[in-house]
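Engineer: In order, the protein sequences belong to chains A and B.
Per this note's numbering, the first sequence starts with residue 1, numbered consecutively.
Per this note's numbering, the second sequence starts with residue 349, numbered consecutively.
Take this structure, written in structure tokens, and hold onto it; I'll ask about it next.
2 protein chains.
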Amino acid sequence: MAKRAQTTRVGISDVAAKAGVSLATVSRVMNGNLSVDPQIATRVRATATELKYQPNPTGRNLARGKTDTVGVVVPDLGNPTFQSVLRGVSRAAALDGYRVLIADSSEVSSEESILASEARRRCDGVVLCAPRMSPAELEELAPSLYPMVLVNRTTDATSSPSVIVDYGKGIQDLAAHLMELGHTRLAYVAGPESSASNGLRLAGLATFREANPSIEIQVLPNGSTFEDGYNSAAAVLDSGATGIMAFNDLTAMGLLSNLNERGIRVPAELSVTGFDDIPFARYTTPALTTADVPIVEVGEQAWRQMRDLLNSPEGNDAGASTPEGVTRTFSPSLVVRGSTAAPASKAQ
Amino acid sequence: MAKRAQTTRVGISDVAAKAGVSLATVSRVMNGNLSVDPQIATRVRATATELKYQPNPTGRNLARGKTDTVGVVVPDLGNPTFQSVLRGVSRAAALDGYRVLIADSSEVSSEESILASEARRRCDGVVLCAPRMSPAELEELAPSLYPMVLVNRTTDATSSPSVIVDYGKGIQDLAAHLMELGHTRLAYVAGPESSASNGLRLAGLATFREANPSIEIQVLPNGSTFEDGYNSAAAVLDSGATGIMAFNDLTAMGLLSNLNERGIRVPAELSVTGFDDIPFARYTTPALTTADVPIVEVGEQAWRQMRDLLNSPEGNDAGASTPEGVTRTFSPSLVVRGSTAAPASKAQ
DNA sequence: GTGAAAGCGCTAACAT
DNA sequence: ATGTTAGCGCTTTCAC
Numbered sequence: 001m002a003k004r005a006q007t008t009r010v011g012i013s014d015v016a017a018k019a020g021v022s023l024a025t026v027s028r029v030m031n032g033n034l035s036v037d038p039q040i041a042t043r044v045r046a047t048a049t050e051l052k053y054q055p056n057p058t059g060r061n062l063a064r065g066k067t068d069t070v071g072v073v074v075p076d077l078g079n080p081t082f083q084s085v086l087r088g089v090s091r092a093a094a095l096d097g098y099r100v101l102i103a104d105s106s107e108v109s110s111e112e113s114i115l116a117s118e119a120r121r122r123c124d125g126v127v128l129c130a131p132r133m134s135p136a137e138l139e140e141l142a143p144s145l146y147p148m149v150l151v152n153r154t155t156d157a158t159s160s161p162s163v164i165v166d167y168g169k170g171i172q173d174l175a176a177h178l179m180e181l182g183h184t185r186l187a188y189v190a191g192p193e194s195s196a197s198n199g200l201r202l203a204g205l206a207t208f209r210e211a212n213p214s215i216e217i218q219v220l221p222n223g224s225t226f227e228d229g230y231n232s233a234a235a236v237l238d239s240g241a242t243g244i245m246a247f248n249d250l251t252a253m254g255l256l257s258n259l260n261e262r263g264i265r266v267p268a269e270l271s272v273t274g275f276d277d278i279p280f281a282r283y284t285t286p287a288l289t290t291a292d293v294p295i296v297e298v299g300e301q302a303w304r305q306m307r308d309l310l311n312s313p314e315g316n317d318a319g320a321s322t323p324e325g326v327t328r329t330f331s332p333s334l335v336v337r338g339s340t341a342a343p344a345s346k347a348q
Numbered sequence: 349m350a351k352r353a354q355t356t357r358v359g360i361s362d363v364a365a366k367a368g369v370s371l372a373t374v375s376r377v378m379n380g381n382l383s384v385d386p387q388i389a390t391r392v393r394a395t396a397t398e399l400k401y402q403p404n405p406t407g408r409n410l411a412r413g414k415t416d417t418v419g420v421v422v423p424d425l426g427n428p429t430f431q432s433v434l435r436g437v438s439r440a441a442a443l444d445g446y447r448v449l450i451a452d453s454s455e456v457s458s459e460e461s462i463l464a465s466e467a468r469r470r471c472d473g474v475v476l477c478a479p480r481m482s483p484a485e486l487e488e489l490a491p492s493l494y495p496m497v498l499v500n501r502t503t504d505a506t507s508s509p510s511v512i513v514d515y516g517k518g519i520q521d522l523a524a525h526l527m528e529l530g531h532t533r534l535a536y537v538a539g540p541e542s543s544a545s546n547g548l549r550l551a552g553l554a555t556f557r558e559a560n561p562s563i564e565i566q567v568l569p570n571g572s573t574f575e576d577g578y579n580s581a582a583a584v585l586d587s588g589a590t591g592i593m594a595f596n597d598l599t600a601m602g603l604l605s606n607l608n609e610r611g612i613r614v615p616a617e618l619s620v621t622g623f624d625d626i627p628f629a630r631y632t633t634p635a636l637t638t639a640d641v642p643i644v645e646v647g648e649q650a651w652r653q654m655r656d657l658l659n660s661p662e663g664n665d666a667g668a669s670t671p672e673g674v675t676r677t678f679s680p681s682l683v684v685r686g687s688t689a690a691p692a693s694k695a696q
């Protein structure tokens, strides 16, 4: 037990005593239960205010079997994408009276499962961003994490809802844009190989290739940072392509920077596109044509899916078979700015 | 009570029964209490693993009177500064087995106090980032938030520890750098008036002025975004100053962008400095001279202060008078790059 | 070294 | 409409 050297923390019983009612009544009043005499309710509320009584959430949590908290598991809190997802979840959840507990695995993927389970135990559900986790591991983990909402991936194990960004469509839109401009030789400056969203872009390009056999698309292995983009310039120039699709805005900006130093004019000699539409994209010289990814909305939607799960009749216990296999897809939207134009001489 | 339509959640009693010991023993084993016979301990652990038993944190929290969770209150999760503080706290706290609960007031300062109190009740302590909260409100709130650590501000009410960035020193370093370069007419393109860190920069400049009466420093009211910086160009040029200190890197970059469009050469005609040293700062043209703010470290330090408070003999109850009035200050460090140089003709 | 039992602060049957 | 009471799942005295 807890024979604590307690100071003066006000508990529900203090209020009950002072207001001359039972604990249950105080509890009812505090929870807005209408079945309390208005007069008494008022008196109890006054007493609570006077005593500065604030219900202890832990006690409540234990009694109600829920915490009004949702966990958000991310591989890296330094990554703008996950920061935005987190923000989206946090704000949307707050509107429903829920809070967010963070679980940052700091890129240590071996800890991811443990972290996620831990978070799940402390919360009513988990929003999982685990792009690198193997499908097998995810499948094994999924049941114990229910209710769970997946971001940017799906799983068959449990029919957990997913919120995903259609990176494949985004890159296709970009490729189509370049094609329509008259480019016939394109190059994709790829992201990290381990990146799931890079895989999605690659798949999108494969689709595009099939539909447009006349267009050449080279894939140039690269990374995800500004510097990676900067360092890709030589390969880009060697490729002979006139339409360059960078993995994201950051690499596009790095590329732009190097190209500028070399005196290569964009978009006159080379068209360049980014991906994400980060705030800076509009301020590069020239302003960057890119695909806007509504990532905060992804977080908001993830919360909504979670809320539906939490409110579903199935209840929130582990293992149960569940109905909600919903996948919500967000499509990036093409944002045309100054970094793309018709190719210099060639086609068109 | 809770006559729940419970499914098969494994509790401590299940383990106790199956292992043929008492609840207390299982608890002791799970908590690494050495006073348990090694043989029994092993058996209990095996049973726990077999049953996939995981202690319920809520029950633990209630019994122990603590949650192993710290709340981080921020005015805006979209602001890179707070994102970094959050990240610093989260990672440092994780190393000590603590988790982070987010409270994002979404700039609604009227909710800030309530949010902070709410967070405090759910957690063992609170890291408060509330730059706009009035000193009076903070003073009133502080006692009920204990243990609390303040970021970028102090209060006298409770002697809560603070972790602050010395923006005043940073801007003075920048001014001194320009002065040493030979500039005698400086201009500070200010941030938002409501910004506390802007006030700190202003105060730093006042100090600098006193120490260096021969240097002229104009203050040009402005904002905090890239666009604000862009739009400040006219005023900057009108000022006649040759050394320009922007509120932060973003506004510096906006200014740079406009200056570039006008064909004004930096640093040949005008020297420009930023503040923060965001990752992009090194990639502008020319690369930005700025003051690096170790903001993630601020978050980490905030956690350490919190940990000290949590471990202090005073215990973590409200109202108690406490010893720790420690303020930890981080000084920005000057980062000289290409955007500053000796003035064209004038002095030197 | 181990178990029995008393809580931690609250909610929710159930009875009145 | 209100009170009584039995828990929620765990920790921790206290006695053995």
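Where a beta carbon is used, it is the ideal one built from N, C-alpha and C, also for glycine.
Using a Cβ-Cβ cut-off of less than 9 Å, list which residues of the region 84 to 101 of chain A approach chain B; keep chain order.
Structural biologist: S84, L86, R87, S90, R91, A94, R99, V100, L101
Engineer: Suppose you measure from the CA of V272/A to the CA of G191/A; what does that come to, to the nearest Å?
Structural biologist: Cα-Cα distance, rounded: 15 Å.
Engineer: Determine the chain A residues that contact T415/B at a beta-carbon separation under 7 Å, and present them in chain order.
Structural biologist: Within 7 Å Cβ-Cβ: T58.
Engineer: CA-CA distance, G20/A and D424/B?
Structural biologist: 43 Å
Engineer: Quick check: what's the CA-CA separation for A103/A versus S370/B?
Structural biologist: 33 Å
Engineer: Is the beta carbon of V74/A sitting closer than 8 Å to the one on L86/A?
Structural biologist: Between V74/A and L86/A, the gap from beta carbon to beta carbon is short of 8 Å.
Engineer: Would you tell me roughly how many angstroms separate the C-alpha atoms of A46/A and L604/B, rounded to the nearest one?
Structural biologist: 59 Å
Engineer: Of the choices A442/B, L463/B, G473/B, S465/B, whose alpha-carbon is the least far from that of L115/A?
Structural biologist: A442/B
Engineer: Around the Cβ of S113/A, are there at least 16 other Cβ atoms within 10 angstroms (buried) or fewer (exposed)?
Structural biologist: So S113/A counts as buried.
Engineer: What residue range does the beta strand (DSSP E) around M245/A cover?
Structural biologist: Where M245/A is concerned, the enclosing beta strand (DSSP E) starts and stops at 243 to 246.
Engineer: Identify which residue in R408/B, P569/B, I519/B, T502/B has its Cα closest to the Cα of R376/B.
Structural biologist: R408/B
Engineer: Does E558/B come out as helix, strand or coil in the three-state DSSP assignment?
Structural biologist: helix
Engineer: On the DSSP letters alone, give me the boundaries of the alpha helix (DSSP H) that L62/A sits inside.
Structural biologist: 57 to 64
Engineer: Who are the near neighbours of C123/A in its chain, counting only those whose CB is closer than 8 Å to its CB and skipping five residues on each side?
Structural biologist: T67, T69, V70, G71, L101
Engineer: Skipping 5 residues on each side, what residues in its chain have a beta carbon closer than 6 Å to that of T677/B?
Structural biologist: I512, D514
Engineer: In chain order, which alpha helix (DSSP H) runs of at least 4 residues are fully inside the region 594 to 633 of chain B?
Structural biologist: 597 to 609
Engineer: Relative to the C-alpha of S679/B, which residue among A639/B, S660/B, R655/B is closest?
Structural biologist: A639/B
Engineer: So T155/A and P135/A are in contact, right, with Cβ under 8 Å, and what is the actual spacing, rounded?
Structural biologist: 7 Å
Engineer: Between the region 578 to 591 of chain B and the region 524 to 537 of chain B, do at least 3 Cβ pairs fall closer than 8 Å?
Structural biologist: yes
Engineer: Within 10 angstroms of the Cβ of S321/A, are there 16 or more other Cβ atoms? Answer buried if so, exposed if not.
Structural biologist: Only weak support exists for where S321/A lies, its pLDDT of 45 falling under 50; the value from the coordinates is given anyway. S321/A comes out exposed.
Engineer: Using the beta-carbon of each residue, which ones in chain B are nearer than 7 Å to S359/A?
Structural biologist: The requested residue 359/A does not occur in the structure, where chain A is confined to residues 1 to 348.
Engineer: I565/B bridges to which residues according to DSSP?
Structural biologist: L534/B
Engineer: Using CA atoms only, rank isn't needed, just tell me which of Y631/B, A594/B, G622/B, T590/B is closest to I612/B.
Structural biologist: Looking at the Cα atoms, T590/B is the closest of the given residues.
Engineer: Would you mind sorting A211/A into buried or exposed? The rule is 16 or more other CB atoms within 10 Å of its CB.
Structural biologist: exposed
Engineer: My output table needs one value for L434/B: the three-state DSSP class, helix, strand or coil.
Structural biologist: helix
Engineer: Is the beta carbon of D624/B less than 8 Å from the beta carbon of N596/B?
Structural biologist: yes
Engineer: The region 278 to 295 of chain A: which residues have C-beta closer than 8 Å to a C-beta of chain B, in chain order?
Structural biologist: P279, F280, Y283, T285
Engineer: Could you tell me if K52/A is buried or exposed, where buried requires 16 or more neighbouring beta carbons within 10 angstroms of its beta carbon?
Structural biologist: exposed
Engineer: Report the CB separation of T599/B from F574/B in whole angstroms; it is logged as a contact under 8 Å.
Structural biologist: 7 Å
Engineer: Determine the closest residue to Q172/A out of S144/A, A203/A, A196/A, with distance taken between C-alpha atoms.
Structural biologist: A203/A
Engineer: Taking the DSSP output, what are the residues bridged to I164/A?
Structural biologist: T329/A
Engineer: Cβ of F574/B less than 8 Å from any chain A Cβ?
Structural biologist: yes
Engineer: Taking the C-alpha atoms as reference points, what is the distance between Y146/A and W303/A?
Structural biologist: 14 Å
Engineer: Determine which residues share a DSSP beta bridge with T638/B and list them.
Structural biologist: V683/B
Engineer: For R64/A, count the other beta carbons within 10 Å of its own beta carbon; 16 or more makes it buried, fewer makes it exposed. Which is it?
Structural biologist: exposed
Engineer: When you compare the CB positions of E617/B and G436/B, do they come within less than 8 Å of one another, or not?
Structural biologist: For E617/B and G436/B, no; Cβs fall outside 8 Å.
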